[in-house]
Amino acid sequence: MRRFSGTGSGRIRVRCIARAAAGLLLAPVLTGCLLGPEKPDLKLDIPDSYATARKGPDSALPPLDWWRRFHSHELTLLMEEAQTANLDIAAAAARIQQADAAVRIANAALLPTIDFNASATRSRPSTAGGGGAGGGSSAHTLYNVNLQASYTLDFWGKNRATVLAADETAISARFDKDVVALTTLVSIANAFFNMLAAQERIRIARENVRAATVILNAIQQRKKFGTASDLEEAQQASLVATQRASIPPLEITLRQSKMALALLVGRAPEHFNAVGGSMRALAIPRVSPGLPSELLNQRPDIREAEANLRAQNYDVEAARAAFFPTIPLTAQTGFESLALSSLFGPGAWFYTMTASLTQPVFHGGALIGALEQAKGKQLELLQDYRKSVLSGFNDVEQALIAIQQQALHERYQEEVVRTSELAYRKSKEKLEGGVLDIVTLTQTQQTWFTAQDTLAQVRLARLLAVVQLYQALGGGWSPVPVDTKATDAPPPQVEPANP
901 MRRFSGTGSG
911 RIRVRCIARA
921 AAGLLLAPVL
931 TGCLLGPEKP
941 DLKLDIPDSY
951 ATARKGPDSA
961 LPPLDWWRRF
971 HSHELTLLME
981 EAQTANLDIA
991 AAAARIQQAD
1001 AAVRIANAAL
1011 LPTIDFNASA
1021 TRSRPSTAGG
1031 GGAGGGSSAH
1041 TLYNVNLQAS
1051 YTLDFWGKNR
1061 ATVLAADETA
1071 ISARFDKDVV
1081 ALTTLVSIAN
1091 AFFNMLAAQE
1101 RIRIARENVR
1111 AATVILNAIQ
1121 QRKKFGTASD
1131 LEEAQQASLV
1141 ATQRASIPPL
1151 EITLRQSKMA
1161 LALLVGRAPE
1171 HFNAVGGSMR
1181 ALAIPRVSPG
1191 LPSELLNQRP
1201 DIREAEANLR
1211 AQNYDVEAAR
1221 AAFFPTIPLT
1231 AQTGFESLAL
1241 SSLFGPGAWF
1251 YTMTASLTQP
1261 VFHGGALIGA
1271 LEQAKGKQLE
1281 LLQDYRKSVL
1291 SGFNDVEQAL
1301 IAIQQQALHE
1311 RYQEEVVRTS
1321 ELAYRKSKEK
1331 LEGGVLDIVT
1341 LTQTQQTWFT
1351 AQDTLAQVRL
1361 ARLLAVVQLY
1371 QALGGGWSPV
1381 PVDTKATDAP
1391 PPQVEPANP
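In structure tokens, the structure reads:
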């Protein structure tokens, strides 16, 4: 049992406490930071311009609300609804909340921890072997009220590196949300255009079924008068059946596209209905890709890969700092007394201060393994970053090629539709005049139907190519900097594999 007396200078005690408190408060300021490895060349192959881009790369840069340029009111409503109701975007936002909380947790290591403690301990010493029953002391209660503070000097920058890594991870989470949002919007556009294409192809198929049925009825009438054969009737009936059989697969595409849109806007299929329309009513926006160097800042997946690389750089620094000593400081002050009435008296006050140092000597290779593991992850993320940059350039080039060639394809296919329709009408006129056989008419009708259906598919491919370019460019140029937690973060730093 510890007993306290009222001797000693109170002024000296107060001075000691002030020094201890000052040391704890100034420790975060006085600690050093050993961050900052050399920055090797990232070896990024950034071209001056896109090979497929036309002149004037900045003449029609994509806006943030790029979907409005298709001039579809229904598509715009779906996009706006998805940004607030899509479940994938909501989950990505929740991951940002988790990352921000991780930053707060990591920041706590840079500050002292202070705890308040209060206890009352009742004890009675044993009387066995102490000279009989009368030799023992009576039971007593010890009261204790104190404040305890502790801090670990971040002299080697380990905690600071951990905080910076958490900051970069939080930034990465924000870019991940942008990736999810862009993917969602692109999926809505693709599903919407697939729905329009299915509607148009169904309309074409039904119109051709009606036209083929009219001819079949005419052949059957001619057969009654002996001017048409069974073979001609069977051939036309086969054509009608073939065109009718093409409708159910298109219905599947139509309805499944609507169901996909319902999921993307966070609604049950039973409570969702999309009207659709015609692809002919849509505008085909003209998009310029800008410069390849701009893509590094505009594509959220590239920015996410960059942030992940930055975070891993700091993880390497934290793993290296684990080899150096840790220096914890602790201080405790409070009151302790056997009597509750004298707990806050001058003789009951006490304090303790402790400083210690722990130097790792032998951990069985765990520290070396952790450092090598961090470096390996760093090199992996470096390659991921390089690949994301090259993939971005490749995506833009592929989208530009698809847009140019699909526009040309659509122009040629429109000519095919025009000439095949003309051939069909001429064949029908000759058949009605009795100078053409049914085989020729059947062939021209089938050619016209196929040409119309192909044109609808080509229009869809062109629309999807434009959407692909918007996605490859990151969804549009933002007029303001991206809102992140660390706008002054340093560029990616990577260590050589064998420093």
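Residues in the sequence shown are numbered from 901 upward in steps of one, following this note's numbering. Ideal Cβ positions, reconstructed from N, Cα and C, are used throughout, including at glycine. Computed from a predicted structure; not experimentally measured.
Query	Result
Residues near alanine 1365 by beta carbon distance below 8 Å, same chain, minus five either side	Ala1299, Ala1302, Ile1303, Gln1306
Supposed contact pair valine 1358 and glutamate 1280 - C-beta distance, whole angstroms, cut 8 Å	Wrong, their Cβ atoms sit about 42 Å apart, outside the cutoff.
Proline 947, DSSP secondary structure in three states	coil
Enclosing alpha helix (DSSP H) for histidine 1309 [first to last residue]	1266-1332
Threonine 952 versus leucine 1363: straight-line alpha-carbon distance, rounded	18 Å
Reduced DSSP category for tryptophan 967 - H, G, I as helix; E, B as strand; rest coil	helix
Coil, strand or helix - arginine 1155 by DSSP	helix
Three-way DSSP call (helix, strand, coil) for threonine 1041 in this model	strand
C-beta contact flag for glutamate 1433 and alanine 1356 at 7 Å	Any property of residue 1433 remains undetermined from this structure, which presents the chain solely from 901 to 1399.
Member of Gln1136, Leu1373, Glu1194 whose CA lies at the smallest distance from the CA of isoleucine 1338	Gln1136
For tryptophan 1348, the three-state DSSP class (helix, strand or coil)	helix
Cα-Cα separation, threonine 976 to isoleucine 1088	10 Å
Local conformation of glutamine 1259 per DSSP, three classes	coil
Threonine 1254 - partner residues in DSSP beta bridges	Thr1230
Reference glutamate 1236, options Arg968, Leu1047, Leu961, closest by Cα	Leu1047
Own chain partners of leucine 1243 with C-beta closer than 7 Å, once the 5 adjacent residues on each side are dropped	Tyr1043, Val1045, Phe1235, Ser1237
Bridge-paired residues (DSSP) for tryptophan 1249	Phe1235
Phenylalanine 1075 (DSSP reduced to helix, strand or coil)	helix
Simplified DSSP assignment, three categories, for aspartate 1054	coil
Coil, strand or helix - lysine 939 by DSSP	Its pLDDT being 48, under 50, lysine 939 is placed unreliably in this model, and the value from its coordinates should be taken loosely. Lysine 939: coil per DSSP, three-state reduction.
Leucine 1116 CB to nearest heavy atom of the ligand HEM below 6 Å	By its list of ligands, the structure shown contains no ligand whatsoever, and the ligand HEM lies outside what it can speak to.
Alpha carbon of leucine 1240 to alpha carbon of aspartate 1015, nearest angstrom	21 Å
Under the three-state DSSP convention, the category alanine 1222 falls into	coil
Whether valine 1165 touches glutamate 981 by CB criterion (7 Å)	yes
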